[in-house]
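Engineer: Numbering (this note's numbering), first residue to last: 1 to 587. Ideal placement from N, C-alpha and C gives every residue a C-beta, glycine not left out. Only a predicted model underlies this, so the values are computations on that prediction, with no experimental measurement involved.
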RNA sequence: GGGGGUGUAGUUCAAUCGGUUAGAGCACUGCCCUGUCACGGCAGAAGUUGCGAGUUCGAAUCUCGUCAUCCCCGCCA
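#1: Would the beta-carbon of residue 65 fall within 8 Å of that of residue 39?
#2: For residue 48, which of 98, 387, 565 and 125 has the nearest alpha-carbon?
#3: Can the beta-carbon of residue 166 be found less than 8 Å from the beta-carbon of residue 100?
#4: Output the distance between the C-alpha atoms of residue 134 and residue 482, rounded to the nearest integer angstrom.
#5: Return yes when the Cβ of residue 431 is within less than 8 Å of the Cβ of residue 240, no when it is not.
#6: Note down the Cα distance separating residue 442 from residue 545, rounded to an integer number of angstroms.
#7: Return the chain-ordered list of same chain residues with a C-beta closer than 7 Å to the C-beta of residue 401, the five sequence neighbours on each side being excluded.
#8: Using C-beta distances below 8 Å, list every residue in its chain close to residue 500, excluding the 5 sequence neighbours before and after it, in chain order.
#9: What does the alpha-carbon distance come out to for the pair residue 189 and residue 356?
#10: Starting from residue 339, trace the alpha helix (DSSP H) both ways and give me its first and last residue.
#11: Does the region 102-115 come close enough to the region 55-74 that 3 or more CB-CB pairs lie under 8 Å?
#12: Enumerate in chain order the residues of its own chain whose CB-to-CB distance from residue 234 is below 6 Å, with the five nearest sequence positions on each side excluded.
#13: Flag this pair as touching only if the region 374-389 and the region 312-321 have three or more C-beta atom pairs under 8 Å; answer yes or no.
#14: By the DSSP assignment, the alpha helix (DSSP H) with residue 411 in it spans what residues?
#15: Within this structure, are the beta carbons of residue 534 and residue 202 separated by less than 8 Å?
#16: I'd like the ranges of any alpha helix (DSSP H) spanning at least 4 consecutive residues and lying wholly in the region 262-337.
#17: Nearest to residue 79 by CA position, among 23, 180 and 130, is which residue?
#18: So, does the region 82-99 touch the region 10-25, judging by three or more C-beta pairs under 8 Å?
#19: DSSP puts residue 352 in a beta bridge; with which residues?
#20: Beta-carbon within less than 7 Å of residue 111's beta-carbon, same chain only, minus the 5 sequence neighbours each way: which residues are those?
#21: What do you reckon, are the CB atoms on residue 256 and residue 157 nearer than 8 Å?
#22: Note down, one range per segment and in chain order, each beta strand (DSSP E) of at least 3 residues found wholly within the region 503-532.
#23: First and last residue of the alpha helix (DSSP H) that includes residue 152?
#24: Name, in chain order, the residues that DSSP records as bridge partners for residue 50.
#25: Could you tell me whether the region 462-476 touches the region 417-436, where touching means 3 or more Cβ pairs closer than 8 Å?
#26: With a 10 Å radius around its C-beta and 16 neighbouring C-beta atoms as the bar for buried, classify residue 182 as buried or exposed.
#27: What three-state label does DSSP hand residue 166 in the structure shown?
#28: Can you tell me which of the three DSSP states residue 29 falls into?
#29: Straight-line CA distance for residue 127 to residue 210?
#30: Which two residues bound the contiguous beta strand (DSSP E) that contains residue 490?
#31: Determine which residues share a DSSP beta bridge with residue 8 and list them.
#32: If distances are taken between C-alpha atoms only, which option among 69, 12, 565 and 10 comes closest to residue 32?
#33: For residue 291, which residues in the same chain have their Cβ closer than 6 Å to its Cβ, ignoring the five residues on either side in sequence?
#34: The beta strand (DSSP E) spanning residue 477 covers which residue range?
#35: Do residue 523 and residue 498 come within 8 Å of each other at the CB atom, strictly closer than that value?
#36: Can you give the Cα-Cα distance for residue 529 and residue 425, rounded to whole angstroms?
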């Protein structure tokens, strides 16, 4: 036996009675009866009750009188069957106990900043400050174990499909477009900076040019943007790229990855293939490109029906190119005036200047603005919305963006407060046929909807000059329960087309050469057609495990201000370090 | 950058309308207890009410500022 330890704390059963065993672990709980002392010994795997009886070993018993929570013990003794009346059915090892005759105190432990069994109610702030204590809790341990199983299953599956895992640099090049970069100053090259990768996008495309054919990497990505419950400045992607593929093949592989991940993570069998929806349909019906399909509440467009009214606010907005969309909420006629005020201020967060509502009750309509519409319009509205007795219809009239954003948010909000969501469902969805570009009003130029390496749909290439905003791209998003969990595309592999896209994005010649010259060169040297995708491992795990924060699936996450409570980073550095890096702090 | 929530003992919470010595559970310390498993019993220690101003006879409580943390908007190719 090479290991000092003979068993983990979840292993011993009645079949082991009589064996001499050695366990290592923490004092989880201690019950001192004056004579006999019981301790629940804990390791990563579970609990075992160990018994210190003065009649078995006086020395051990005397030592055990001074043991406290989270002391680290090495115990040896004989496995003994518990008397019938003291079997603990809540414990896998509840039928046995270990009668300790030899104990070594491997380490003692100060009183903890929080009790492990109360961590559910303790502040996350405290848990993050002492994250290593948090890990000792079975809940956290099982999350990290699930994360390991998922990552391992992903590697196994992609290996079986012929993928190579290749590491790409963390110190890489800052490029325009996209998120704000984390920068690393170069000591050797004064005034120059590396950037941490927002994703290994260009590198994986270069691997395709290099004939790697099928690449993957479970890799860290870095984006210096503000945080959310599902956004961390560093996060992990399952990054993939394949040569000579169609969208169909990317979907097949991705679905295989996801299915294996769910099997390994929580032993859940997902049904394949995942449903698909075009970007246009998603925007029309749900007002966003990541709809949660676990509930209905589809939007409808009421612009035609309501355009001829005496309601000035609607008319003015419509004249300026606005639209009217709405959604029907069953049973919503019971909302109080205060409820409706709250919902109005809720959509206000998304730019809506108001929230019109129509309650349908006992054959009549109740609404502060009903008087502006004729009966025919209201009848059509009721019919279009599908409202029955005691239902409510919400309407927003504004620019298309504001209407979609506010109603999409309202839709999710209503489903939450109405408890319309089945938490046990995993609703995957592919969104396809994204537009290639969107228009940035502020900078008055085209921007990539996905990223600048995304190939346009072949039939739409002719529109690049005449009507670029109508060009569809061959990009796709994977959505799970209303959360974007992956994004990818078939890439441009043609030099001239890539250069043209850069130009359409208003990157000047100098920037193109300076930032992307090496990449354009590669496209000139026999780049094969290729495409890929990058599912977000953290978000998938969060949803798989039914957690509400990405921080719960990351061992050492950052706070909302992007700092680490454990290490207190980021932190100031010495003048000497700054000098070496040729940096001066200005404040 | 903006909106909102939270901050009281190690910890989780309480403290009536602004009122006199800021309480309780768990943890901690000491003592008792040989079949517990949230063991039990007795006793004890433990507070810059996040921090700083202000209002008031009097502030955990009201006002302003500030810090930390959480949620959201902006931002996230």
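Structural biologist: Based on what the coordinates show:
#1: Locating residue 65 in the first chain gives position 65, where the first residue counts as 1. Locating residue 39 in the first chain gives position 39, where the first residue counts as 1. No, the pair does not count as a contact, with Cβ atoms beyond the cut-off.
#2: Mapped onto the first chain, residue 48 falls at position 48. Here the closest residue by C-alpha is 98.
#3: Counted from its first residue, the first chain places residue 166 at position 166. Counted from its first residue, the first chain places residue 100 at position 100. No, they are not a contact pair.
#4: Counting from one through the first chain, the residue named residue 134 turns up at place 134. Counting from one through the first chain, the residue named residue 482 turns up at place 482. The straight-line gap from Cα to Cα measures roughly 29 Å.
#5: Working through the first chain from its first residue, we reach residue 240 at position 240. Working through the first chain from its first residue, we reach residue 431 at position 431. The answer is no: Cβ separation not under 8 Å.
#6: Taking the first chain and counting its residues from 1, the one referred to as residue 442 is at position 442. Taking the first chain and counting its residues from 1, the one referred to as residue 545 is at position 545. When rounded, the distance between both Cα atoms is 40 Å.
#7: The residue labelled residue 401 in the question sits at position 401 within the first chain. Cβ within range, chain order: n/a, list empty.
#8: Sequence index remark: in the first chain, residue 500 carries index 500 (1-based). Same-chain partners within the cutoff: 464.
#9: Taking the first chain and counting its residues from 1, the one referred to as residue 189 is at position 189. Taking the first chain and counting its residues from 1, the one referred to as residue 356 is at position 356. Computed Cα separation, rounded: 60 Å.
#10: Position 339 of the first chain, counted from the first residue, corresponds to residue 339. Note, residue 339: alpha helix (DSSP H), 337-348.
#11: yes
#12: Residue 234 sits at position 234 when you count from the first residue of the first chain. The residues are 220 and 222.
#13: no
#14: For the purposes of this step, residue 411 is identified with residue 411 of the first chain, where counting begins at 1. Taken as a continuous stretch (DSSP letters only), the alpha helix (DSSP H) holding residue 411 covers 400-417.
#15: One-based indexing of the first chain puts residue 534 at position 534. One-based indexing of the first chain puts residue 202 at position 202. Taking 8 Å as the Cβ cut-off, residue 534 and residue 202 do not qualify as a contacting pair.
#16: 279-286, 303-306 and 312-319
#17: Your numbering for residue 79 matches position 79 in the first chain. The option with the nearest alpha carbon to residue 79 is 23.
#18: yes
#19: Working through the first chain from its first residue, we reach residue 352 at position 352. Bridge partners of residue 352: none, in fact.
#20: Stepping through the first chain from its first residue, residue 111 is reached at position 111. Answer for residue 111: no residue qualifies.
#21: As a working mapping, residue 256 is identified with position 256 in the first chain. As a working mapping, residue 157 is identified with position 157 in the first chain. Their beta carbons are under 8 Å apart, which means residue 256 touches residue 157 by this criterion.
#22: none
#23: As a first step, residue 152 is located in the first chain; it is residue number 152 there, counting from the start. From DSSP, the alpha helix (DSSP H) with residue 152 extends over 138-160.
#24: Position 50 of the first chain, counted from the start, is the residue given in the question as residue 50. According to DSSP, which records beta bridges pairwise, residue 50 is partnered with 39 and 98.
#25: yes
#26: Within the first chain, numbered from 1, the residue matching residue 182 stands at position 182. Flag for residue 182 reads buried.
#27: Reading the first chain from its first residue, position 166 is the one you call residue 166. The answer is coil: DSSP assigns residue 166 none of H, G, I, E or B.
#28: The sequence position of residue 29 within the first chain is 29, counting from 1. Residue state, collapsed to three classes: strand.
#29: Position 127 of the first chain, counted from the first residue, corresponds to residue 127. Position 210 of the first chain, counted from the first residue, corresponds to residue 210. Cα to Cα, the separation comes out at about 46 Å.
#30: Along the first chain, read from residue 1 onward, the residue named residue 490 stands at position 490. From DSSP, the beta strand (DSSP E) with residue 490 extends over 483-490.
#31: Within the first chain, numbered from 1, the residue matching residue 8 stands at position 8. None; residue 8 has no bridge partner.
#32: The sequence position of residue 32 within the first chain is 32, counting from 1. Answer by Cα proximity: 69.
#33: For the purposes of this step, residue 291 is identified with residue 291 of the first chain, where counting begins at 1. Result list for residue 291: 282, in chain order.
#34: Residue numbering aside, residue 477 sits at position 477 when the first chain is read from its first letter. Note, residue 477: beta strand (DSSP E), 475-480.
#35: Taking the first chain and counting its residues from 1, the one referred to as residue 498 is at position 498. Taking the first chain and counting its residues from 1, the one referred to as residue 523 is at position 523. Cβ distance < 8 Å, so residue 498 and residue 523 count as in contact.
#36: Taking the first residue of the first chain as position 1, residue 529 is located at position 529. Taking the first residue of the first chain as position 1, residue 425 is located at position 425. Spanning the two alpha carbons is a distance of roughly 37 Å.
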